[in-house]
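Going down the list, the protein sequences come from chains R and C. Those letters in the first sequence? Residues 1 to 428, by the working numbering. Those letters in the second sequence? Residues 429 to 530, by the working numbering. Glycine included, each C-beta is placed from N, C-alpha and C at the ideal position.
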Amino acid sequence: MDRRDFLKNLGLMGVTTLAATSPWLSTFATVEDSAKERCRLGMIGPGSRGRFLLSFLAENPKCEVVALADIYQPSLDEALKIVPSAKTFNDYRQLLTDKDIDGVVIATPLNTHYQIAMDAFDAGKHVYCEKAIAYTMEETLALYRRHLETGCIFFTGQQRLFDPRYIQVMEMIHQGLFGDINAIHAFWNRNGDWRREVPSPELERLINWRLYKESSKGLMTELACHQLQVGTWALGKLPTRVMGSGAITHWKDGREVYDNVHCIYEFNDGRQMTYASVISNKFYGLEEQILGNKGTVEPERGKFYFEDYGPAPAPAFVQMLMEWEDKIWGSNTFAGSSWDPEVARNNPGEFILGKAPETDGTSLLTEAYVEAVCTQKQPPRIAEEGYYATQLCLIGHEAIVQGTPLPFPEEMKIDYVPYGTKVDELTS
Amino acid sequence: MPYFYLPSRRIRKESLSLLVCFLIAVGLNVYAIIHYDAPFSELWTSMLYVLEATFVLYAVWVVLRLLVYGFLCLIGRKPKSKQRHQYIIHRHQRGYRSHQHP
Numbered sequence: 001m002d003r004r005d006f007l008k009n010l011g012l013m014g015v016t017t018l019a020a021t022s023p024w025l026s027t028f029a030t031v032e033d034s035a036k037e038r039c040r041l042g043m044i045g046p047g048s049r050g051r052f053l054l055s056f057l058a059e060n061p062k063c064e065v066v067a068l069a070d071i072y073q074p075s076l077d078e079a080l081k082i083v084p085s086a087k088t089f090n091d092y093r094q095l096l097t098d099k100d101i102d103g104v105v106i107a108t109p110l111n112t113h114y115q116i117a118m119d120a121f122d123a124g125k126h127v128y129c130e131k132a133i134a135y136t137m138e139e140t141l142a143l144y145r146r147h148l149e150t151g152c153i154f155f156t157g158q159q160r161l162f163d164p165r166y167i168q169v170m171e172m173i174h175q176g177l178f179g180d181i182n183a184i185h186a187f188w189n190r191n192g193d194w195r196r197e198v199p200s201p202e203l204e205r206l207i208n209w210r211l212y213k214e215s216s217k218g219l220m221t222e223l224a225c226h227q228l229q230v231g232t233w234a235l236g237k238l239p240t241r242v243m244g245s246g247a248i249t250h251w252k253d254g255r256e257v258y259d260n261v262h263c264i265y266e267f268n269d270g271r272q273m274t275y276a277s278v279i280s281n282k283f284y285g286l287e288e289q290i291l292g293n294k295g296t297v298e299p300e301r302g303k304f305y306f307e308d309y310g311p312a313p314a315p316a317f318v319q320m321l322m323e324w325e326d327k328i329w330g331s332n333t334f335a336g337s338s339w340d341p342e343v344a345r346n347n348p349g350e351f352i353l354g355k356a357p358e359t360d361g362t363s364l365l366t367e368a369y370v371e372a373v374c375t376q377k378q379p380p381r382i383a384e385e386g387y388y389a390t391q392l393c394l395i396g397h398e399a400i401v402q403g404t405p406l407p408f409p410e411e412m413k414i415d416y417v418p419y420g421t422k423v424d425e426l427t428s
Numbered sequence: 429m430p431y432f433y434l435p436s437r438r439i440r441k442e443s444l445s446l447l448v449c450f451l452i453a454v455g456l457n458v459y460a461i462i463h464y465d466a467p468f469s470e471l472w473t474s475m476l477y478v479l480e481a482t483f484v485l486y487a488v489w490v491v492l493r494l495l496v497y498g499f500l501c502l503i504g505r506k507p508k509s510k511q512r513h514q515y516i517i518h519r520h521q522r523g524y525r526s527h528q529h530p
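So, in structure tokens, the structure goes:
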């Protein structure tokens, strides 16, 4: 789906509605004005994820990827197949000295994000950084503050923010179509060891960086980061307390990060968001089940389900007769009907966009970044969404490690405007 | 073929009974619609159920009366209706037409 189709799909919602629910989309409002502008980008870390992003950037007529930096030559070689004219560097700092480069895309291992992004801001470059944006909560806050100080564009790899089905369904949630959202069950299950092929043993920690503590926090930073942001987006607030548990229960192959994590994020009004990730069973896959008293949303499936679905009730007259019959002939009711197995109902639901999902928003996210770099305008709240997504996964990981519930630290809170406010400011 | 005579008074009485049963069934439907918060269109759409209930109620009423009749016969007391029925048959057999205008 390109931007034109995307905007057409969302056109029915109106500017005010979009600005309230997904204000970062305002970046597309200037597309026509910047039609002749073009930006030059550098890619730092064109590994598998980096090249995925590169494939979208290479097709974008408003940007040119002019430089690539990586310490692993095979990654550079693969990336050159996508952007053959790009200069290559083995040290990202050399790339940052190029004054013709407007912004960078960082897709390196987690523990390197902070330093590279800080150096990029210091060099006056705009930054798109893959999630999670930093290895510690302190680094995350420092990075966000540096973005504010420099005024450089700051995007994070939260592609769901640009996924049409999420945008559409969040609007429906905030309108109250699904009633009170009292719980969110987010999970991401796989059945695989999460390993990449390593050509020689000394490259193990470099290539399989996701599996080692020094460079990653495992499932929480690599997977949970996406889904926790969906929870705060839906509820329009941040959790106040986190508890969690994790272990290596299946893949005992020398890895240092958990292959089995469960967390509970508690909000100030008692509502809860759970997160679970197990990589030894893929039956339930990934989902964020948003549970309202009137309906359920499963955005990954691209579907929603109303509670009152089911066969039409019998006429009142028949219901009354059945009730009388039950009273006269029915069994003892002292224990209620709790014996009945309340298995999930066979509700086919409806597609959020009227059809099965086709895109996950990554192409539009990269397009929005290019647009923001061209226009030099930071879209509202996008950096904040990325900031909190990272903080939530990091504090979840910390709760698991410490084995105790942790409050969200006051000193880590930034100005987070609840959804639905400051609409005038965003649309004026 | 045995002689069978159903006087108009009886027909009127039974029709009235059937009407009362129908009204009770309609009343029950109204109660059910309110109780189960159903649309009032069910007053029409559930008419078949209401008619069925009407005949069931009427049948119950008939059975009830037969029981009472049988009981009264059993204790040797003629029910009023039987006394009157015999009187009418008697008059009919004799060609008694005193109530007719000459």
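Coarse secondary structure for residue i, derived from DSSP in three states
i	result
residue 41 (chain R)	strand
residue 362 (chain R)	helix
residue 251 (chain R)	coil
residue 346 (chain R)	coil
residue 436 (chain C)	helix
residue 499 (chain C)	helix
residue 313 (chain R)	coil
residue 505 (chain C)	coil
residue 257 (chain R)	coil
residue 101 (chain R)	coil
residue 135 (chain R)	coil
residue 123 (chain R)	coil
residue 231 (chain R)	helix
residue 357 (chain R)	coil
residue 161 (chain R)	helix
residue 178 (chain R)	coil
residue 326 (chain R)	helix
Residue i versus residue j: straight-line alpha-carbon distance, rounded
i	j	result
residue 28 (chain R)	residue 63 (chain R)	15 Å
residue 464 (chain C)	residue 319 (chain R)	8 Å
residue 55 (chain R)	residue 279 (chain R)	28 Å
residue 166 (chain R)	residue 299 (chain R)	6 Å
residue 187 (chain R)	residue 58 (chain R)	33 Å
residue 433 (chain R)	residue 68 (chain R)	Nothing about residue 433 (chain R) can be read from this structure; chain R reaches only from 1 to 428.
residue 435 (chain C)	residue 443 (chain C)	12 Å
residue 288 (chain R)	residue 104 (chain R)	31 Å
residue 242 (chain R)	residue 403 (chain R)	10 Å
residue 194 (chain R)	residue 209 (chain R)	10 Å
residue 477 (chain C)	residue 309 (chain R)	26 Å
residue 136 (chain R)	residue 219 (chain R)	15 Å
residue 47 (chain R)	residue 388 (chain R)	25 Å
residue 224 (chain R)	residue 291 (chain R)	18 Å
residue 372 (chain R)	residue 383 (chain R)	12 Å
residue 355 (chain R)	residue 93 (chain R)	45 Å
residue 409 (chain R)	residue 400 (chain R)	16 Å
residue 130 (chain R)	residue 108 (chain R)	8 Å
residue 439 (chain C)	residue 177 (chain R)	59 Å
residue 121 (chain R)	residue 153 (chain R)	9 Å
residue 457 (chain C)	residue 494 (chain C)	28 Å
residue 351 (chain R)	residue 163 (chain R)	14 Å
residue 405 (chain R)	residue 114 (chain R)	27 Å
residue 362 (chain R)	residue 471 (chain C)	56 Å
residue 398 (chain R)	residue 260 (chain R)	15 Å
Paired residues, beta bridge with residue i - DSSP
i	result
residue 264 (chain R)	R:243, R:274
residue 129 (chain R)	R:106, R:156
residue 289 (chain R)	R:185
residue 149 (chain R)	Partner(s): none; residue 149 (chain R) has no beta bridge.
residue 295 (chain R)	R:306
residue 280 (chain R)	R:191
residue 351 (chain R)	R:303
Contact list for the region 486–500 of chain C against chain R, Cβ threshold 8 Å
none
What are the residues of the region 443–457 of chain C that lie near chain R, defined by any Cβ-Cβ distance shorter than 8 Å?
456, 457
When Cβ atoms are compared, which residues of the region 310–321 of chain R fall closer than 7 Å to chain C?
315, 316, 317, 318, 319, 320
Any C-beta of chain R within less than 8 Å: which residues of the region 430–441 of chain C qualify?
none
In chain order, each alpha helix (DSSP H) run of at least 4 residues that lies wholly inside the region 45–90 of chain R:
48–59, 73–80
Along the chain, which unbroken stretches of the alpha helix (DSSP H) at least 4 residues long are found entirely within the region 442–481 of chain C?
470–473
Near-chain R residues of the region 470–481 of chain C - C-beta to any C-beta below 8 Å:
470, 473, 474, 477, 478, 481
Please give me, in chain order, every unbroken run of the alpha helix (DSSP H) with length at least 4 that falls completely inside the region 183–224 of chain R.
204–207
Any chance you could list the beta strand (DSSP E) runs of at least 3 consecutive residues sitting entirely within the region 369–415 of chain R, in chain order?
none
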